[in-house]
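Enquirer: Before I ask anything, here is the structure I am working with.
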Amino acid sequence: MDLFDIQQPVEIVPGLILGSLRGLKAILRLNPDVLFPLDRLPGWIWDEGWRGQVVYYPITDYGVLPDDVLEKLVEAVLERLRAGRRAALFCVGGHGRTGYVAACVLHRLGIENPIAYLRKHYSPKAVESDEQERAVLRYAEAMQQRKPGTGSAST
155 MDLFDIQQPV
165 EIVPGLILGS
175 LRGLKAILRL
185 NPDVLFPLDR
195 LPGWIWDEGW
205 RGQVVYYPIT
215 DYGVLPDDVL
225 EKLVEAVLER
235 LRAGRRAALF
245 CVGGHGRTGY
255 VAACVLHRLG
265 IENPIAYLRK
275 HYSPKAVESD
285 EQERAVLRYA
295 EAMQQRKPGT
305 GSAST
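According to my numbering, the sequence shown holds residues 155 to 309 in order.
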């Protein structure tokens with residue numbers, strides 16, 4: 155059994171692929187244009203014939219990014235999706251860090267309760283830690299305050 159081909163990825167919305175390091179070969183078969191590893195990335199991807207962009211944002215297991223770094227990562231993913239590119243987000247297990255970042259991206263794409271959406275359509279384990287859940291909620295609140303006409307954003 156190939157350790158890097160045991161977990162199947164999911165295209166959660168058009169162009170956004172979620173998965174794990176354990177399912178990296180399956181992710182590559184979905185032909186992403188850009189990989190967003192949230193932990194590490196093995197060099198054999200090039201031997202598999204994949205040719206694309208790597209945008210690396212390491213996150214500690216069960217952890218979160220500083221808010222400003224998270225915003226840059228979410229914007230980087232959204233920028234690729236808007237350009238019609240296929241983006242793959244993954245960490246080792248594909249649950250915590252992947253779910254946390256994906257939930258923030260999905261929120262920006264207009265999905266009302268992105269954690270529940272991920273747990274229903276991707277994995278019941280998506281967004282593993284309380285810290286990750288709080289960070290997603292904080293991110294969603296910050297984005298709401300930025301919207302025109304929502305109240306407390308300063309002008």
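Backbone N, C-alpha and C define an ideal beta-carbon position, used for all residues, glycine too.
Quick caveat, the model's predicted, so the values are computed rather than measured.
(1) Contact check, Val-164 vs Tyr-276 under 8 Å by CB: the rounded distance?
(2) Please go through the region 156-241 and give each complete beta strand (DSSP E) segment of 3 or more residues, from N-terminal end onward.
(3) For the 8 Å Cβ check, are there 3 or more pairs between the region 182-201 and the region 263-270?
(4) Excluding the five sequence neighbours on either side, which residues of its own chain have a C-beta within less than 6 Å of the C-beta of Leu-243, listed in chain order?
(5) Mind checking Lys-301: buried by the 16 CB within 10 Å criterion, or exposed?
(6) Please confirm whether Ala-241 and Leu-170 have their CB atoms less than 8 Å apart.
(7) So, helix, strand or coil for Leu-243, using DSSP?
(8) Please classify Gly-203: is it buried, with 16 or more other beta-carbons within 10 angstroms of its beta-carbon, or exposed?
(9) Nearest to Lys-226 by alpha carbon, out of Tyr-211, Gly-248 and Leu-182?
Expert: Let me lay it out:
(1) 5 Å
(2) 164-167, 170-174 and 188-191
(3) no
(4) Leu-172, Phe-190, Thr-252, Val-255 and Ala-256
(5) exposed
(6) yes
(7) strand
(8) exposed
(9) Tyr-211
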